[in-house]
Every structure is written in C-alpha cells, then in structure tokens.
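Worksheet for the structure shown next.
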Amino acid sequence: MAQGFDCATPLTAATAAAFKRDGYAFVCRYLVPSTSWKALNKSETDLISAAGLQIVSVFETTANRALGGRNAGRADGQTAVQIAKQVGQPEGSTIYFAVDFDALPSQMTTIIDYIRGANEATPAYDTGVYGSYAVVQAVRSAGACPKFWQTYAWSRGQVASGIHLYQYDNGPSGQGMLINGIMVDLDESYGEEGWWNTLAYMIKPEDANEIIERFLAHEFDKASDADKIRRNQLANELRKASGQPEQIYNG
Numbered sequence: 000m001a002q003g004f005d006c007a008t009p010l011t012a013a014t015a016a017a018f019k020r021d022g023y024a025f026v027c028r029y030l031v032p033s034t035s036w037k038a039l040n041k042s043e044t045d046l047i048s049a050a051g052l053q054i055v056s057v058f059e060t061t062a063n064r065a066l067g068g069r070n071a072g073r074a075d076g077q078t079a080v081q082i083a084k085q086v087g088q089p090e091g092s093t094i095y096f097a098v099d100f101d102a103l104p105s106q107m108t109t110i111i112d113y114i115r116g117a118n119e120a121t122p123a124y125d126t127g128v129y130g131s132y133a134v135v136q137a138v139r140s141a142g143a144c145p146k147f148w149q150t151y152a153w154s155r156g157q158v159a160s161g162i163h164l165y166q167y168d169n170g171p172s173g174q175g176m177l178i179n180g181i182m183v184d185l186d187e188s189y190g191e192e193g194w195w196n197t198l199a200y201m202i203k204p205e206d207a208n209e210i211i212e213r214f215l216a217h218e219f220d221k222a223s224d225a226d227k228i229r230r231n232q233l234a235n236e237l238r239k240a241s242g243q244p245e246q247i248y249n250g
C-alpha cells in the first residue's frame with residue numbers, strides 16, 4: 000500500500016519535493032484542457048517525475064459531467080487522450096473519469112454509459128472511474144471499465160473490494176486540508192492503479208521486488224552492519240526506480 004494525495008493546484012518543484020520527503024508516493028492530477036487553472040501540463044509532469052513521485056491522471060470538467068451519458072464519455076475520452084499525449088502520459092497507463100457527486104440509483108445507467116463511452120475512446124489507455132461505493136459497484140458490475148478509485152464521500156462507510164485507489168480524507172470541511180502550502184485530499188493505492196511518470200525507464204515493481212528478495216535480502220541477518228545499511232540503500236534505489244515507497248532501516 001502506498002500513500003498519495005490529489006490536488007487541483009499544480010505542483011512546483013519545491014512542493015513536489017516536499018511531498019516526496021513526507022513519504023508520499025503519488026499525486027493525482029487533472030488531465031483537462033489547458034484553459035482550466037487545475038490542468039496538468041508537460042512541465043509539471045517532468046518536475047513531478049524528477050521529484051520521484053508517480054502521477055495518477057483524472058479527467059473532470061464538471062462534477063456531474065457523467066450525466067451526459069455515452070456521447071459525453073466519448074467526447075471526454077477523446078479529449079483526455081489528446082491531453083495525455085501532450086503531457087507525456089505513456090500508453091498502457093490509466094485515465095480515471097470522475098463521477099464527483101452523490102449519484103442516485105436512477106442515474107447509474109447513464110453514468111455507466113458515460114464510462115463505456117470514455118472506455119471506447121481511450122483504447123491505448125486503461126480506463127478507470129472515480130466515485131462513491133455505489134458508483135464503483137455499479138460500473139464494475141456492468142463491466143464498463145477495469146480500474147476503480149473510490150472516495151469515502153457519499154459511500155456511507157462502505158468500501159468496495161478490489162479497488163485500486165481509495166480517497167480516505169477530504170479534510171474536516173470536505174474541501175481538503177492544507178499540506179505543504181496547498182489544499183489536498185489523501186489517498187491510498189493498492190497496486191495496479193495505472194500510475195505513471197515521464198522517466199525514460201521504469202523497472203516493474205514485481206521485478207524490483209524479486210531482485211531485492213533474491214539477492215539483497217538473502218542472508219541479510221548474517222551481514223555486517225555496514226553491509227546491511229548498503230543493502231538497504233540499494234533496495235531503496237530499486238524501490239524508487241519502480242515507483243514504490245522507500246523503507247526505513249533502523250539497524
């Protein structure tokens with residue numbers, strides 16, 4: 000499990016570095032047209048990547064955009080793909096489409112159609128949905144997309160199984176909390192969430208962990224203190240190169 004956050008405010012090199020120092024592994028940012036103040040751009044993706052953070056892409060223009068149904072989903076998917084290419088998001092990673100309101104049961108068919116439309120328009124990317132427990136369950140049951148980011152908001156204490164991301168804290172007022180000078184919500188990642196960065200090469204997490212277990216962790220207890228420290232440093236370099244959080248060695 001990795002800790003992350005989502006925010007509308009674009010990150011600077013300083014804020015990205017500060018969040019990395021605080022132990023965050025990823026940030027969720029908005030893949031929306033550049034006319035929006037919250038839009039992610041190529042310069043920001045590069046500085047986020049250089050800081051060692053992963054990026055989760057989310058498309059949201061208005062909170063209830065999903066009520067536009069399939070045609071809206073197809074249009075938004077096409078727009079999202081154009082922006083993804085502009086900011087350097089690699090194919091095969093995920094674009095989440097937001098359902099950012101307390102959706103009623105009577106609205107689920109339209110929401111599912113929206114996500115299906117977005118999925119049809121983004122064949123080179125995985126498609127995900129952001130929304131409440133009810134939204135995640137409905138979209139998954141319909142087979143409309145493969146990735147799921149649940150918010151605790153409007154979920155009435157329920158957490159869906161098999162989700163990839165979970166937004167668990169929006170602050171006391173529901174408008175986020177101030178961390179490192181910007182307003183953020185807090186999230187957890189459970190793997191295979193489809194995050195990305197613009198580094199030239201990323202080792203797969205499973206490959207990095209196999210190297211750590213087979214070689215660096217082998218007979219760790221028998222190693223000298225200096226060798227243990229060095230092995231831990233090398234293991235953390237592999238973790239960073241695969242987008243995983245570092246682990247602290249206390250000796």
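Residue numbering for the sequence shown follows numbering that gives the first Met the number 0, starting at 0 and increasing by one per position. Beta carbons: idealized from backbone N, C-alpha and C, even for Gly.
Member of the options whose CA lies at the smallest distance from the CA of residue i
{"i": "residue 151", "options": "98, 179, 60 and 223", "result": "98"}
{"i": "residue 69", "options": "44, 113, 52 and 48", "result": "113"}
{"i": "residue 217", "options": "91, 41 and 230", "result": "230"}
{"i": "residue 13", "options": "244, 179 and 202", "result": "179"}
{"i": "residue 221", "options": "234, 106, 119 and 250", "result": "250"}
{"i": "residue 186", "options": "142, 129 and 208", "result": "129"}
{"i": "residue 202", "options": "57, 191 and 237", "result": "237"}
{"i": "residue 20", "options": "41, 169, 50 and 123", "result": "50"}
{"i": "residue 117", "options": "139, 102, 143 and 106", "result": "143"}
{"i": "residue 214", "options": "228, 224 and 234", "result": "234"}
{"i": "residue 148", "options": "74, 138, 164 and 141", "result": "164"}
{"i": "residue 248", "options": "228, 173 and 206", "result": "228"}
{"i": "residue 245", "options": "74, 211, 191 and 157", "result": "211"}
Cβ-Cβ separation, residue j to residue i (assumed contact under 8 Å), whole Å
{"i": "residue 100", "j": "residue 63", "result": "5 Å"}
{"i": "residue 83", "j": "residue 52", "result": "In fact, because the Cβ distance is near 18 Å, the residues do not count as touching under 8 Å."}
{"i": "residue 80", "j": "residue 34", "result": "At roughly 18 Å, the Cβ-Cβ gap does not stay under 8 Å, so residue 80 and residue 34 are not in contact."}
{"i": "residue 115", "j": "residue 72", "result": "6 Å"}
{"i": "residue 281", "j": "residue 123", "result": "Absent from the model: residue 281. The displayed extent of the chain is 0 to 250, so no value can be given."}
{"i": "residue 31", "j": "residue 60", "result": "6 Å"}
Counted within 10 angstroms of its Cβ, other Cβ atoms place residue i as buried (16 or more) or exposed
{"i": "residue 131", "result": "buried"}
{"i": "residue 171", "result": "exposed"}
{"i": "residue 166", "result": "buried"}
{"i": "residue 1", "result": "buried"}
{"i": "residue 243", "result": "buried"}
{"i": "residue 173", "result": "exposed"}
{"i": "residue 155", "result": "exposed"}
{"i": "residue 58", "result": "buried"}
{"i": "residue 188", "result": "buried"}
Cutoff 6 Å; reference residue i; Cβ partners in own chain excluding five residues on either side
{"i": "residue 6", "result": "181 and 183"}
{"i": "residue 109", "result": "66 and 68"}
{"i": "residue 37", "result": "7 and 29"}
{"i": "residue 93", "result": "125, 127, 146 and 193"}
{"i": "residue 76", "result": "117, 120 and 121"}
{"i": "residue 153", "result": "101 and 131"}
{"i": "residue 240", "result": "202"}
Contact set for residue i: own chain, Cβ-Cβ below 8 Å, skip 5 residues either direction
{"i": "residue 136", "result": "159"}
{"i": "residue 26", "result": "3, 4, 5, 6, 10, 15, 18, 47, 52, 53, 54 and 55"}
{"i": "residue 45", "result": "87 and 197"}
Extent of the continuous alpha helix (DSSP H) run through residue i
{"i": "residue 49", "result": "41 to 49"}
{"i": "residue 68", "result": "68 to 86"}
{"i": "residue 202", "result": "No alpha helix (DSSP H) holds residue 202; DSSP gives it neither H nor E."}
{"i": "residue 232", "result": "224 to 240"}
{"i": "residue 107", "result": "107 to 120"}
{"i": "residue 214", "result": "Taken as a continuous stretch (DSSP letters only), residue 214 belongs to no alpha helix (DSSP H), as it is neither H nor E."}
{"i": "residue 34", "result": "Note, residue 34: premise wrong, no alpha helix (DSSP H); not H, not E."}
{"i": "residue 17", "result": "12 to 20"}
Host beta strand (DSSP E) of residue i (start-end)
{"i": "residue 126", "result": "125 to 130"}
{"i": "residue 103", "result": "Per DSSP, residue 103 belongs to no beta strand (DSSP E) and is neither H nor E."}
{"i": "residue 150", "result": "146 to 150"}
{"i": "residue 28", "result": "25 to 29"}
{"i": "residue 7", "result": "Neither: residue 7 is in no beta strand (DSSP E) and is coded neither H nor E."}
{"i": "residue 164", "result": "164 to 168"}
{"i": "residue 58", "result": "53 to 58"}
Beta-carbon contacts of residue i that lie in its chain and below 7 Å, excluding the five residues immediately before and after
{"i": "residue 252", "result": "Absent from the model: residue 252. The displayed extent of the chain is 0 to 250, so no value can be given."}
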